[in-house]
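Undergrad: Got a structure for you, written out below as structure tokens; questions coming shortly.
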Amino acid sequence: MIYTFGIDIGGTNIKIGLFEIYDFKLVEKVEISTPREHQMYSIFDEISKKIENMMHKHGFSYNDIHGVGFAIPCPVKDGYVETCPNLSWSKIDVVRKAKSFLPDHIKVVVSNDANIAAYGENYSLDTPFQNAIFYTLGTGVGGGIIVNGQIVEGRTGSGGEIGHMQVFEGTDICGCGKTGCLEQVCGTKAILNYATELSHKYSSNIDFSNLTVKSVFDAAQNDDIIGQLVLNRVAKYIALSTSILAVSLDPDIIIIGGGVARAGEILIKNIEKYFKHYARFGTIDIPFVLAKTGNDAGIIGAARYTLQ
Ligand SMILES: [Zn+2]
Numbered sequence: 427m428i429y430t431f432g433i434d435i436g437g438t439n440i441k442i443g444l445f446e447i448y449d450f451k452l453v454e455k456v457e458i459s460t461p462r463e464h465q466m467y468s469i470f471d472e473i474s475k476k477i478e479n480m481m482h483k484h485g486f487s488y489n490d491i492h493g494v495g496f497a498i499p500c501p502v503k504d505g506y507v508e509t510c511p512n513l514s515w516s517k518i519d520v521v522r523k524a525k526s527f528l529p530d531h532i533k534v535v536v537s538n539d540a541n542i543a544a545y546g547e548n549y550s551l552d553t554p555f556q557n558a559i560f561y562t563l564g565t566g567v568g569g570g571i572i573v574n575g576q577i578v579e580g581r582t583g584s585g586g587e588i589g590h591m592q593v594f595e596g597t598d599i600c601g602c603g604k605t606g607c608l609e610q611v612c613g614t615k616a617i618l619n620y621a622t623e624l625s626h627k628y629s630s631n632i633d634f635s636n637l638t639v640k641s642v643f644d645a646a647q648n649d650d651i652i653g654q655l656v657l658n659r660v661a662k663y664i665a666l667s668t669s670i671l672a673v674s675l676d677p678d679i680i681i682i683g684g685g686v687a688r689a690g691e692i693l694i695k696n697i698e699k700y701f702k703h704y705a706r707f708g709t710i711d712i713p714f715v716l717a718k719t720g721n722d723a724g725i726i727g728a729a730r731y732t733l734q
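Counting the sequence shown from 1 gives a position; the working numbering is that position plus 426.
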């Protein structure tokens, strides 16, 4: 059997997925804490040890490994990271680092985590598409763009940073240093703040002492006025941003994922409603679907990316 690894490096945890490539079955998934000190070296040392452990446990050797794919929480261009605040990495060639502890025949691929998730989500659909746009809605709003089956990293690795598309005239400063970003209306914090703001104006069945995105969207499902106003605002801005991407890229599909997307079909239906309003030409018929792979999007995408 031939295996491939998908590794999702986050600021808190590193997830390592071992896949058997013939039917792309997950053999084992392990999660370790991201080492805090000397991250330029320690992260690779830990990963190298884990890969060896897993090989030993499942009784195979480096000869049986096709590839190792990495998802990294910062812009990546051709395997190179200029700076990664989440990991205290700077000017690091991730492909070269990984190749220093892996035999030559093993294929190493690296990209930004949201781009990798886009790749994995597209491949997890019944029929993968050549052109897809993926949104991940959570604390941050990110995404990835697939064109002709390839991840679009762009000139500097910032391709797919769709959470920082300007969609309104704002004054609050976003994490990126600018104003009016999609993340500032569709990220978790924005959703909770808007619900709280509305609670001074409307009565509602939402329990504001234990406010979560889920409780707000559940309320929307039950015709709660605040729940519906929040849902409509999120759906409207996502639709506005997707309509801009749609006339730029005319994708086959738009995939919505991330924690906020657990709201499910009610979110998709509302996005579609607003999208029909904003969309032009034939883009009006582009389908929206919910992402499938959830928390494993990074390892699945990274492993899949080694098979391209
Ligand atoms: Zn921003």
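Beta carbons: idealized from backbone N, C-alpha and C, even for Gly.
So does the region 669–677 actually touch the region 701–716, counting three or more Cβ pairs closer than 8 Å?
TA: Segments in contact, yes.
Undergrad: In angstroms, rounded to a whole number, what distance separates the CA positions of Lys662 and Tyr700?
TA: Reading the sequence shown from its first residue, position 236 is the one you call residue 662. Reading the sequence shown from its first residue, position 274 is the one you call residue 700. Roughly 6 Å between the two C-alpha positions.
Undergrad: Output yes or no for whether 7 Å exceeds the beta carbon distance between Val536 and Val521.
TA: What you label residue 536 is simply residue 110 of the sequence shown in a count that begins at 1. What you label residue 521 is simply residue 95 of the sequence shown in a count that begins at 1. Contact: yes.
Undergrad: DSSP on Phe560, reduced to helix/strand/coil?
TA: By one-based count along the sequence shown, residue 560 stands at place 134. Residue state, collapsed to three classes: strand.
Undergrad: Mind checking which residues open and close the beta strand (DSSP E) that includes Ile442?
TA: Here residue 442 is taken as the residue at index 16 of the sequence shown, counted from 1. Note, Ile442: beta strand (DSSP E), Asn439 to Glu446.
Undergrad: Please check the pair Gly546 and Ala665, which I expect to be a contact at CB under 8 Å, by giving their CB distance rounded to whole angstroms.
TA: One-based indexing of the sequence shown puts residue 546 at position 120. One-based indexing of the sequence shown puts residue 665 at position 239. Not a contact, Cβ separation roughly 24 Å.
Undergrad: Taking the alpha-carbon positions, what's the Ala497 to Val715 distance?
TA: In the sequence shown, residue 497 corresponds to position 71, counting from 1. In the sequence shown, residue 715 corresponds to position 289, counting from 1. Rounded to whole angstroms, Ala497 to Val715 spans 23 Å at the Cα level.
Undergrad: What residues are listed by DSSP as bridge partners for Glu454?
TA: The sequence position of residue 454 within the sequence shown is 28, counting from 1. Leu444.
Undergrad: To test your reading of the DSSP string, which unbroken beta strand (DSSP E) runs of 3 or more residues are found completely within the region 518–556?
TA: 533–538
Undergrad: Which class does Val502 belong to by DSSP, given the choice of helix, strand or coil?
TA: Sequence index remark: in the sequence shown, residue 502 carries index 76 (1-based). Residue state, collapsed to three classes: coil.
Undergrad: Please tell me whether, using a cut-off of 6 Å, the distance from the CB of Cys612 to the nearest non-hydrogen atom of ligand 1 is below it.
TA: Walking along the sequence shown from the start, residue 612 turns up at place 186. Outside the cutoff, so no.
Undergrad: From Ser468 to Asp530, what does the alpha carbon distance come to, in whole angstroms?
TA: Indexing the sequence shown from 1 puts residue 468 at position 42. Indexing the sequence shown from 1 puts residue 530 at position 104. The straight-line gap from Cα to Cα measures roughly 21 Å.
Undergrad: On a Cα-Cα basis, can you pick out the residue from Glu595, Gly564 and Ala524 that is closest to Gly589?
TA: To locate residue 589, count along the sequence shown from 1; it is residue 163. Gly589 has its Cα closest to that of Gly564, out of Glu595, Gly564 and Ala524.
Undergrad: Does the Cβ-Cβ distance between Ala621 and Val656 come in under 7 Å?
TA: For the purposes of this step, residue 621 is taken as residue 195 along the sequence shown, with counting starting at 1. For the purposes of this step, residue 656 is taken as residue 230 along the sequence shown, with counting starting at 1. Contact flag set, yes.
Undergrad: According to DSSP, simplified to helix, strand and coil, what is Ile473?
TA: The residue labelled residue 473 in the question sits at position 47 within the sequence shown. The answer is helix: DSSP assigns Ile473 an H, G or I state.
Undergrad: Restricting to Cα atoms, I'd like to know which of Ile652, Val456 and Ile617 is closest to Tyr628.
TA: Stepping through the sequence shown from its first residue, residue 628 is reached at position 202. Tyr628 has its Cα closest to that of Ile652, out of Ile652, Val456 and Ile617.
Undergrad: Excluding five sequence neighbours on each side, which residues of the same chain lie with their C-beta closer than 7 Å to the C-beta of Gly606?
TA: One-based indexing of the sequence shown puts residue 606 at position 180. Here the set comprises Gln592, Val593, Phe594, Glu595 and Gly596.
Undergrad: Got a sec? Which residues, its chain only, sit under 7 Å from Tyr731 by beta carbon, not counting five neighbours each side?
TA: Residue 731 sits at position 305 when you count from the first residue of the sequence shown. Only Gly495, Val535, Ser537, Ile542 and Tyr545 meet the Cβ criterion.
Undergrad: Would you mind working out which of Ile632, Val453 and Gln576 sits nearest Ile725, comparing C-alpha positions?
TA: Working through the sequence shown from its first residue, we reach residue 725 at position 299. Residue Val453 is the option with its Cα nearest to Ile725.
Undergrad: Within the continuous alpha helix (DSSP H) that includes Tyr704, where are the two ends?
TA: Indexing the sequence shown from 1 puts residue 704 at position 278. It spans Glu691 to Tyr704 - the alpha helix (DSSP H) in which Tyr704 sits, taken as one unbroken run.
Undergrad: Beta carbon of Ala558, beta carbon of Asn548: below 7 Å?
TA: Within the sequence shown, residue 558 is the residue found at index 132, counting from 1. Within the sequence shown, residue 548 is the residue found at index 122, counting from 1. Yes, they are a contact pair.
Undergrad: Round the Cβ separation of Val639 and Gly684 to the nearest angstrom and send it over; I've been treating them as touching at under 8 Å.
TA: Here the question's residue 639 lines up with position 213 in the sequence shown. Here the question's residue 684 lines up with position 258 in the sequence shown. Contact doesn't hold; Cβ gap of about 10 Å is too wide.
Undergrad: Just to be sure I understand the criterion: a residue counts if its Cβ is closer than 5 Å to at least one heavy atom of ligand 1. Which residues meet that?
TA: His590, Cys600, Cys602 and Cys607
Undergrad: What first and last residue would you give for the alpha helix (DSSP H) that runs through Leu657?
TA: Position 231 of the sequence shown, counted from the start, is the residue given in the question as residue 657. Here the alpha helix (DSSP H) through Leu657 covers Ile651 to Leu675.
Undergrad: Which residues does DSSP pair with Val494 in a beta bridge?
TA: As a first step, residue 494 must be located in the sequence shown, where it is residue number 68. Partner(s): Phe431 and Val534.
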